[in-house]
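Just remember that our numbering sits 11 ahead of the position in the sequence shown, which is counted from 1.
To start, the structure itself, in structure tokens.
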Amino acid sequence: MRKTALFLILFCISGLRADKAAEYYGQFVQAYHNGDKAAAAKYIEKAYQANPSNNNILQWYGNILNQNKKYADAIRVWKQISPDYFPSAVNKSIAEAYHQLGDHQSAEKYYTMALTNPAANPQEKVNIIAGLMAAVYNDMPDNPKVLALEKKFAEAECAAPELKTSWARYMFCKYFLDRAVEFAGDGYENDGFAYYRLAMKYFGPELEKYTNYIAPEFFGYEWMKREKYALALSVFEEVFPLRNDNYLTWAYSEMLRQTGKPAEAIGVCVKGLKKPGGDDKMYGWIYRQIIDVAGQSGDLSALAAHENDADAYLVKNNPEMGDWVRFRITEIYFNEGLKAMAEKPYPNGVELLKKAMVWNNKGLGKYKDSFNNKTIEVIIEASKYWNGEGKKLATSAAPYRFTIIAMESFNGVIIDEGKKTPANFSLSPEMERTIPAAFEVFRQLYFYMTGGKMLAGMKYVRLTNILTEVQVSYWKPAGEASVKPGKGITMYAAIWGSIKPSPIQTISNEMKYADTLVMIFPFFCTAGSSSVVYYQDAAVPKGYTAHGLIQIPKDYTPFSYGLFAHEFFHTVEYFYGDKYQFVQHGYKEEYRKSWPSWYHGEGELYYYYSYLREITGKYGIAPLLRK
Numbered sequence: 012m013r014k015t016a017l018f019l020i021l022f023c024i025s026g027l028r029a030d031k032a033a034e035y036y037g038q039f040v041q042a043y044h045n046g047d048k049a050a051a052a053k054y055i056e057k058a059y060q061a062n063p064s065n066n067n068i069l070q071w072y073g074n075i076l077n078q079n080k081k082y083a084d085a086i087r088v089w090k091q092i093s094p095d096y097f098p099s100a101v102n103k104s105i106a107e108a109y110h111q112l113g114d115h116q117s118a119e120k121y122y123t124m125a126l127t128n129p130a131a132n133p134q135e136k137v138n139i140i141a142g143l144m145a146a147v148y149n150d151m152p153d154n155p156k157v158l159a160l161e162k163k164f165a166e167a168e169c170a171a172p173e174l175k176t177s178w179a180r181y182m183f184c185k186y187f188l189d190r191a192v193e194f195a196g197d198g199y200e201n202d203g204f205a206y207y208r209l210a211m212k213y214f215g216p217e218l219e220k221y222t223n224y225i226a227p228e229f230f231g232y233e234w235m236k237r238e239k240y241a242l243a244l245s246v247f248e249e250v251f252p253l254r255n256d257n258y259l260t261w262a263y264s265e266m267l268r269q270t271g272k273p274a275e276a277i278g279v280c281v282k283g284l285k286k287p288g289g290d291d292k293m294y295g296w297i298y299r300q301i302i303d304v305a306g307q308s309g310d311l312s313a314l315a316a317h318e319n320d321a322d323a324y325l326v327k328n329n330p331e332m333g334d335w336v337r338f339r340i341t342e343i344y345f346n347e348g349l350k351a352m353a354e355k356p357y358p359n360g361v362e363l364l365k366k367a368m369v370w371n372n373k374g375l376g377k378y379k380d381s382f383n384n385k386t387i388e389v390i391i392e393a394s395k396y397w398n399g400e401g402k403k404l405a406t407s408a409a410p411y412r413f414t415i416i417a418m419e420s421f422n423g424v425i426i427d428e429g430k431k432t433p434a435n436f437s438l439s440p441e442m443e444r445t446i447p448a449a450f451e452v453f454r455q456l457y458f459y460m461t462g463g464k465m466l467a468g469m470k471y472v473r474l475t476n477i478l479t480e481v482q483v484s485y486w487k488p489a490g491e492a493s494v495k496p497g498k499g500i501t502m503y504a505a506i507w508g509s510i511k512p513s514p515i516q517t518i519s520n521e522m523k524y525a526d527t528l529v530m531i532f533p534f535f536c537t538a539g540s541s542s543v544v545y546y547q548d549a550a551v552p553k554g555y556t557a558h559g560l561i562q563i564p565k566d567y568t569p570f571s572y573g574l575f576a577h578e579f580f581h582t583v584e585y586f587y588g589d590k591y592q593f594v595q596h597g598y599k600e601e602y603r604k605s606w607p608s609w610y611h612g613e614g615e616l617y618y619y620y621s622y623l624r625e626i627t628g629k630y631g632i633a634p635l636l637r638k
């Protein structure tokens, strides 16, 4: 209470007996006025002991006890005050103390009594309503008490618009928002949005300093967790203009990406970067989101507009994420270069691949083994060769025939160390479009690597047969035998006998016309595999015919040509095995210790190129053709 009010109270008790109580009370007022809290507490306690029935002394003794966090003692003293002595204010004080003790039921009782009695002024009434809201805060979401209180608050606010209502508005806003989040967490859309709308009625400038303690986007985060992206998006669209929060920016952008709006997702990130404040770490995530979404959507204009700013910010503020962003930019230009190599006129792909080399040269940190400029140079030279000197040789090149057989679906169990896990996968509808694009990149590489001697062709066949069992194994590079069983790179292999109906007849028929058979399987796999298969051909009396077999997982895309080339080279190793001493090859820098005899850091494609040119030059191309 203000200092002037203390002297008014002193005046009010001037009619008291000139006894010790009045003397102590006067000393209390003076000490309180001087800011000597210890002395003030001592004198008001003596005044109470001298006269425990005076309402003014009781009120102030309770106040001092309450200020010193002796809530139970304060309540005991306040309850001794006469019922007709400022009942609204006294009951409010008792309610607040009960609230501090965590006794919400008693707090609600006394707040209700305070609200029942006439308040000293409209502001006190608003404060009582806010306190009562705090007391009933943990009641059931559909508790009618809250809606009744909201009505009383609206009446009080309407009667005196000049009142300070930010605390009360905060209590209503937070209450309704928390209930909305609870409903969203349980998946109740209608109830959740009903309470969210009530919360947003109170969210705004009127909350003043409490605005920073309300985050309506949490309602959207709950729908985001449940993968209800459209619902989350509807929340973020409303909240984003009202809040400066970097996580909200990222989440809003992510929901736009998830709902197929990449350009809008990037636009939100750009707006978010212009907002002041926020978490520096999430600021970096906004840059990361721009780069990633641009890559996923193939928006090279957006990438070019932000790549340098993203790199500069992250290298300075978050070097680890900076490594990832440089890797991602390199990957995007590399992937888009391959895509252009397959789909667009020369030299579009070459220019993009050169950009990948530029970013790779900046340094990718822990991702440094992901790209090798020697490998990228091979791709660039292959593209140039295909569109230049190679055109003259195409008509005289030997045809090499690939048959690609794709299984439609997997519906069965994955067997891992005796355990059987049910699973159901199917090929992406994009497969028939993406596989030819990937193959086009491969055949250009292959043509260049053989010096224009061999030109690959493709036949694509889809099987409706259903695979029902898949076996899991764990592959380890040479020299890592100490790795515990069950650890390593996960490999999946189809159990051919589980395919219903059996596709053997179809596959045998196709093998008669193929030099290499490629199988696409409808389950996730970290790597492909290759082998050499034989079949009995009645038209070939001498016996068996050997063919290369490559197995590719369903997540094969135009950008993972490396897997195709990697597995095909295993068949090259086999067919030239009796004339050339090969060492099983790996893919990454970490394998250098496992295969030191062949890996010198030039990159895997460069290895294929140099060895394939050498062996076909020495021994010809006959071993690669179907026997």
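Glycine residues also receive a C-beta, built at the ideal position from the N, C-alpha and C atoms.
Fair warning: this is a prediction, and the values are worked out from it, not measured in the lab.
By how many angstroms is the C-alpha of Phe458 removed from the C-alpha of Leu397?
-> Indexing the sequence shown from 1 puts residue 397 at position 386. Indexing the sequence shown from 1 puts residue 458 at position 447. What sits at residue 397 in the sequence shown is Trp, not Leu. Computed Cα separation, rounded: 8 Å.
Within its chain, find whatever has a CB closer than 6 Å to the CB of His317; leave out the 5 residues flanking it on each side and keep chain order.
-> Walking along the sequence shown from the start, residue 317 turns up at place 306. Cβ-Cβ distances below 6 Å link His317 to Ile301 in the same chain, with the five nearest sequence neighbours on each side left out; the list follows chain order.
Going by beta carbon distance, what residues of the same chain come within less than 7 Å of Arg624, once the five residues before and after it are set aside?
-> Taking the first residue of the sequence shown as 1, we reach residue 624 at position 613. Only Met460 and Gly462 meet the Cβ criterion.
On the DSSP bridge assignment, give the partners of Leu478 in chain order.
-> By one-based count along the sequence shown, residue 478 stands at place 467. Paired residue(s): Phe421.
Are Ile140 and Phe164 touching if we call contact CB-CB under 8 Å?
-> Position 129 of the sequence shown holds residue 140. Position 153 of the sequence shown holds residue 164. Yes, the Cβ-Cβ distance between Ile140 and Phe164 is below 8 Å.
If you run the structure through DSSP and keep just helix, strand and coil, what is Gly468?
-> In the sequence shown, the residue the question calls residue 468 occupies position 457. Strand, per DSSP.
Work out the CA separation of Pro129 and His115 for me, nearest whole Å.
-> Reading the sequence shown from its first residue, position 104 is the one you call residue 115. Reading the sequence shown from its first residue, position 118 is the one you call residue 129. As the crow flies, the alpha-carbon of His115 is around 23 Å from that of Pro129.
Note down the Cα distance separating Glu166 from Val157, rounded to an integer number of angstroms.
-> Numbered from its first residue, the sequence shown carries residue 166 at position 155. Numbered from its first residue, the sequence shown carries residue 157 at position 146. Each residue's Cα considered, the two are about 14 Å apart.
Just to confirm, are Tyr524 and Leu466 a CB contact at a threshold of 8 Å?
-> Here residue 524 refers to the residue found at position 513 when the sequence shown is read from its first residue. Here residue 466 refers to the residue found at position 455 when the sequence shown is read from its first residue. For the pair Tyr524 and Leu466, the CB atoms are not nearer than the 8 Å cut-off.
Alpha carbon to alpha carbon, how far is Pro433 from Leu528?
-> Walking along the sequence shown from the start, residue 433 turns up at place 422. Walking along the sequence shown from the start, residue 528 turns up at place 517. Leu528 has its alpha-carbon roughly 29 Å from the corresponding atom of Pro433.
Just how far apart, CA to CA, sit Asp380 and Glu342?
-> Counting from one through the sequence shown, the residue named residue 380 turns up at place 369. Counting from one through the sequence shown, the residue named residue 342 turns up at place 331. Answer to the nearest angstrom: the Cα atoms are 12 Å apart.
Identify the continuous alpha helix (DSSP H) that holds Lys120 and give its terminal residues.
-> The residue you call residue 120 lines up with position 109 of the sequence shown. Taken as a continuous stretch (DSSP letters only), the alpha helix (DSSP H) holding Lys120 covers His115 to Thr127.
Are Ser104 and Gly142 closer than 8 Å when you measure CB to CB?
-> Against the sequence shown, residue 104 aligns to sequence position 93. Against the sequence shown, residue 142 aligns to sequence position 131. Against a cut-off of 8 Å, the Cβ pair of Gly142 and Ser104 comes out as no contact.
How would you label Asp526, buried or exposed, when you count the other beta carbons within 10 angstroms and need 16 or more for buried?
-> Translated into positions along the sequence shown, residue 526 becomes position 515. Buried, since its Cβ has 16 or more Cβ neighbours within 10 Å.
Sequence-distant residues of its chain with Cβ nearer than 6 Å to Pro607 (five each side left out) | By 1-based counting over the sequence shown, the position of residue 607 is 596. Its pLDDT being 49, under 50, Pro607 is placed unreliably in this model, and the value from its coordinates should be taken loosely. Excluding positions up to five away in sequence, the list is empty.
Thinking just about the alpha-carbon of each residue, which of Gly215, Tyr232 and Val472 is nearest to the one in Tyr224?
-> Mapped onto the sequence shown, residue 224 falls at position 213. Per the Cα distances, Gly215.
Go through its chain and collect everything with a Cβ distance to Gln269's Cβ below 6 Å, but skip five positions before and after it.
-> Residue 269 sits at position 258 when you count from the first residue of the sequence shown. These residues qualify, in order along the chain: Tyr240.
Looking at the unbroken alpha helix (DSSP H) that takes in Val279, where does it start and where does it end?
-> Translated into the one-based positions of the sequence shown, residue 279 becomes position 268. Element bounds for Val279: Pro273 to Lys285.
Roughly how far, in whole angstroms, is the beta-carbon of Val281 from the beta-carbon of Tyr263, given that I think they are within contact range, below 8 Å?
-> Indexing the sequence shown from 1 puts residue 281 at position 270. Indexing the sequence shown from 1 puts residue 263 at position 252. Between Val281 and Tyr263 a beta carbon distance of about 12 Å is seen, past the 8 Å cut, so the two are scored as non-contacting.
When DSSP builds the beta bridges, which residues end up paired with Lys543?
-> Indexing the sequence shown from 1 puts residue 543 at position 532. Sequence inspection shows Val at residue 543; the Lys mentioned does not correspond to that position. When DSSP reads this structure, Val543 sits in a beta bridge with Gly559.
Between which two residues does the alpha helix (DSSP H) containing Lys103 stretch?
-> Translated into positions along the sequence shown, residue 103 becomes position 92. Going by DSSP, Lys103 is part of the alpha helix (DSSP H) stretching over Pro98 to Leu112.
Does DSSP put Met154 in a helix, in a strand, or in coil?
-> What you label residue 154 is simply residue 143 of the sequence shown in a count that begins at 1. It should be noted that the sequence gives Asn, not Met, for residue 154. Three-state DSSP puts Asn154 in coil, outside helix and strand.
To the nearest angstrom, report how far apart Asn371 and Val326 are at their CA atoms.
-> Here residue 371 is taken as the residue at index 360 of the sequence shown, counted from 1. Here residue 326 is taken as the residue at index 315 of the sequence shown, counted from 1. Looking at the two C-alpha atoms, the distance is approximately 15 Å.
Would you tell me roughly how many angstroms separate the C-alpha atoms of Ser117 and Val101, rounded to the nearest one?
-> The residue given as residue 117 occupies position 106 in the sequence shown. The residue given as residue 101 occupies position 90 in the sequence shown. Between Ser117 and Val101, the C-alpha separation is close to 14 Å.
Per DSSP, which one or two residues make a beta bridge with Arg412?
-> The sequence position of residue 412 within the sequence shown is 401, counting from 1. Beta-bridge pairing by DSSP links Arg412 to Gly468.
Separation of Gln516 from Gly508, as counted between CA atoms | Translated into positions along the sequence shown, residue 508 becomes position 497. Translated into positions along the sequence shown, residue 516 becomes position 505. Between Gly508 and Gln516, the C-alpha separation is close to 13 Å.
Would you mind reading off the limits of the beta strand (DSSP E) that contains Pro433?
-> On the sequence shown, position 422 is the one that residue 433 refers to. Residues Lys430 to Ser437.
Which one of Glu584, Thr176 and Lys53 has the shortest CA to CA distance from His558?
-> Taking the first residue of the sequence shown as 1, we reach residue 558 at position 547. Residue nearest to His558 within the set Glu584, Thr176 and Lys53 is Glu584 (criterion: CA-CA distance).
Residue from Asn62, Gly573 and Gln111 with nearest C-alpha to Ile86 | Along the sequence shown, one-based indexing puts residue 86 at 75. For Ile86, the nearest C-alpha among the options comes from Gln111.
Just the Cα atoms here: how many angstroms apart are Ala351 and Phe450?
-> Start at 1 with the first residue of the sequence shown, and residue 351 comes out as number 340. Start at 1 with the first residue of the sequence shown, and residue 450 comes out as number 439. CA-to-CA, the gap between Ala351 and Phe450 works out to about 13 Å.
Collapsed DSSP secondary structure at Arg208 in the structure displayed | By 1-based counting over the sequence shown, the position of residue 208 is 197. Assignment of Arg208 by DSSP, reduced to helix, strand and coil, places it in the helix class.
On a CA-only basis, which of Ile416, Ala408 and Pro564 is nearest Leu636? Give me that one, please.
-> Looking up residue 636 in the sequence shown gives position 625. Its Cα nearest to that of Leu636, the residue Ala408 stands out among Ile416, Ala408 and Pro564.
Are there 16 or more other CB atoms within 10 angstroms of the CB of Arg444, so buried, or fewer, so exposed?
-> Within the sequence shown, numbered from 1, the residue matching residue 444 stands at position 433. The residue is exposed, with fewer than 16 neighbouring Cβ atoms inside 10 Å.
Within this structure, are the beta carbons of Ile477 and Lys511 separated by less than 8 Å?
-> Reading the sequence shown from its first residue, position 466 is the one you call residue 477. Reading the sequence shown from its first residue, position 500 is the one you call residue 511. Yes.
Going by beta carbon distance, what residues of the same chain come within less than 8 Å of Pro287, once the five residues before and after it are set aside?
-> In the sequence shown, the residue the question calls residue 287 occupies position 276. Closer than 8 Å at the Cβ level, and outside the excluded window around Pro287, lie Asn255.
Measuring CB to CB, does Ile531 end up less than 8 Å from Ile426?
-> In the sequence shown, residue 531 corresponds to position 520, counting from 1. In the sequence shown, residue 426 corresponds to position 415, counting from 1. Between Ile531 and Ile426, the CB-CB gap reaches or exceeds 8 Å.
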